[in-house]
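Chains as they are written, first to last, in the numbering used here: chain A, 129 to 378; chain B, 226 to 478.
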């Protein structure tokens, strides 16, 4: 578990001379072991924010501290598990090799890495260890990608709508399983989504990101016991609250 | 899938046989002399009669072509890999490569023969030069073509450039390498033959040249047939190797 401190973060993409601000004056903190969701419309810069935290994009301005380290340092230490929308499995490697690759690349021998077989069992792919990704369905590919993310043994999860391309049912299933895994491993988690219900189902706290340039509009604490019941009036109320914040952001 | 491929093979064979039959008929009906156009049957009997000589010539030319193909593919891949690791060199090296590419090999071949003699070496060099450029350009775009999501994933683990090359870029470039080899393979044979035309102690090119200077057209045609067959076999071999090695995906490039 590590905490996240983001301060005065701004990022712009150079677009033929005229600059496009993707993020502006973003500041927030996430406590160790907290599950925070970031909601916003498409193009509000939430993916950019996550890429900056993962050390993939260097921000134009501002500071990011992950457990006292810069994003680059945290990446070098493999403290950050970043997962994107596409499963991004290497098609020429078997499922188990794909998962193991996360441990073989930039190895951290000092850390006790989770065992690949038990990870595959955890995501229900134990009988597909020797299969190639092309033989798996979309949902199973995301499960494999999830196992690979877990294989890092990282203390911070950065998840960029990892299940967004799946059908609604598979998506709910996987989201529920992910929540179980989060309870097991207890990392700090930052979950980006455009789905308000999903955010309320998962998170301790929801940050609402406004569009163009992305900046924080509101912060909503979700004080409901897990597992959360969508028919609960308090659930609906929280959803309403976030929706209003999102609409006000325009 | 396999059925339709088999059927395609039969259709090809039928077309070839029909063409040969038509050719034979025209030569016989119009009574065309063999020093202008020999009938396929005559070409075939020449081939069978001198099978030993043709086999030796084919083996030599094929060996030259394969050696050059291997050398050129190796050098082309190596340069492409270096350029992908040190992108700053790309512009300069590519300009040089284009210069080599657009120097007509027909012009260089006699020079190499003058400098290096009638042996195997000038043929291998010509063939390698012919192979080098397509492999370089294709490998380079292959190495650049790697899926951004895969690259990002490995970067998020702080993978080194070498690790990214080994696990993502190199496998991604394999289909491109084979696309280049499919073009260069048959081309390599032609390169070897052209080099032999400029002076050689053996090979199909020399056979053709001798036949040409003696206006022995059945002999010349026999060599052409063998050359075409060798090119097709070479292509089929590369194609088969590709199917074996690139099992994962966007196959037919």
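Here a beta-carbon is modelled for each residue, glycine too, at the ideal position from N, C-alpha and C. Just so we're clear, the structure is a prediction, and the values are computed from it rather than from any experiment.
C-alpha distance - residue i paired with residue j, whole-angstrom precision
i             : j             : result
residue 169/A : residue 268/A : 27 Å
residue 288/B : residue 356/B : 15 Å
residue 246/B : residue 252/B : 10 Å
residue 281/A : residue 236/B : 58 Å
residue 292/B : residue 467/B : 19 Å
residue 239/A : residue 231/A : 10 Å
residue 304/B : residue 262/B : 46 Å
residue 182/B : residue 354/B : With chain B covering only 226 through 478, there is no way to say anything about residue 182/B.
residue 433/B : residue 450/B : 11 Å
residue 421/B : residue 234/A : 52 Å
residue 325/B : residue 336/B : 15 Å
residue 294/A : residue 266/A : 7 Å
residue 177/A : residue 310/A : 21 Å
residue 292/A : residue 215/A : 11 Å
residue 457/B : residue 408/B : 12 Å
residue 289/A : residue 211/A : 8 Å
residue 260/A : residue 472/B : 10 Å
Residue range of the beta strand (DSSP E) that includes residue i
i             : result
residue 130/A : Note, residue 130/A: premise wrong, no beta strand (DSSP E); not H, not E.
residue 345/A : 343 to 349
residue 189/A : 189 to 194
residue 318/A : 316 to 321
residue 285/A : 284 to 288
residue 333/A : 333 to 338
residue 164/A : 163 to 167
Neighbour flag for residue i against chain B, beta carbons, 9 Å
i             : result
residue 134/A : no
residue 242/A : no
residue 320/A : no
residue 182/A : yes
residue 372/A : no
residue 179/A : yes
residue 227/A : no
residue 150/A : no
residue 272/A : no
residue 280/A : yes
residue 262/A : yes
Neighbouring residues, chain A, relative to residue i (Cβ below 9 Å)
i             : result
residue 374/B : 212, 213, 214, 215, 216
residue 369/B : Here the premise fails: no neighbours, minimum Cβ distance about 17 Å.
residue 393/B : 218
Per-residue contacts from residue i into chain B (C-beta, under 9 Å)
i             : result
residue 203/A : 380, 381, 382, 383
residue 233/A : 379, 382, 383, 384, 385, 388, 389, 392
residue 292/A : Those within 9 Å of residue 292/A in chain B number zero; the least Cβ separation is about 14 Å.
Contact set between residue i and chain B, taken where Cβ atoms lie within less than 7 Å
i             : result
residue 220/A : 396, 473
residue 230/A : 382
residue 141/A : Simply none; closest approach about 15 Å.
residue 174/A : In chain order: nothing, as chain B lies at least about 16 Å away.
residue 275/A : Here the premise fails: no neighbours, minimum Cβ distance about 13 Å.
residue 325/A : Near residue 325/A there are no residues of chain B at all, since even the closest Cβ is about 26 Å away, more than 7 Å.
Residue i at chain A interface by Cβ criterion, 9 Å
i             : result
residue 377/B : yes
residue 388/B : yes
residue 478/B : Here residue 478/B scores only 39 on pLDDT, less than 50, and its place in the model should not be relied on; the value that follows carries that caveat. By this cut-off, residue 478/B is not an interface position.
Residue i, enclosing alpha helix (DSSP H) - first and last residue
i             : result
residue 463/B : 442 to 470
residue 328/A : 324 to 330
residue 211/A : Where residue 211/A is concerned, there is no enclosing alpha helix (DSSP H), although the beta strand (DSSP E) it sits in stretches over 208 to 211.
residue 322/B : 315 to 326
residue 181/A : 174 to 181
residue 271/A : 266 to 279
residue 349/B : 346 to 369
residue 407/B : 395 to 422
residue 294/B : 276 to 310
residue 311/A : 296 to 313
residue 431/B : 429 to 438
residue 370/A : 361 to 376
residue 333/B : 330 to 341
residue 381/B : 373 to 381
Per-residue contacts from residue i into chain B (C-beta, under 8 Å)
i             : result
residue 208/A : 381
Cβ contact check for the stretch 285 to 305 of chain A and the stretch 146 to 156 of chain A: 3 or more pairs under 8 Å: No, because fewer than three Cβ pairs between the stretch 285 to 305 of chain A and the stretch 146 to 156 of chain A fall closer than 8 Å, the two stretches do not touch.
The stretch 304 to 318 of chain B / the stretch 435 to 449 of chain B touching (three or more Cβ pairs under 8 Å): no
contact_flag[the stretch 389 to 399 of chain B, the stretch 443 to 452 of chain B] where n(CB pairs < 8 Å) is 3 or more: no
Contact between the stretch 219 to 237 of chain A and the stretch 180 to 187 of chain A (3+ Cβ pairs under 8 Å): Not touching, per the Cβ criterion.
At least 3 beta-carbon pairs within less than 8 Å: the stretch 351 to 364 of chain A vs the stretch 186 to 206 of chain A: Between the stretch 351 to 364 of chain A and the stretch 186 to 206 of chain A there are fewer than three inter-stretch CB-CB distances shorter than 8 Å, so the stretches are not counted as touching.
Segment contact flag, the stretch 324 to 343 of chain A with the stretch 366 to 375 of chain A, C-beta cutoff 8 Å, min 3 pairs: yes
Inter-stretch contact at 8 Å, needing at least 3 Cβ pairs: the stretch 316 to 328 of chain A / the stretch 160 to 179 of chain A: As far as the Cβ criterion goes, the stretch 316 to 328 of chain A touches the stretch 160 to 179 of chain A, which means the pair count is three or higher.
At least three beta-carbon pairs within less than 8 Å, the stretch 338 to 354 of chain B to the stretch 395 to 405 of chain B: no
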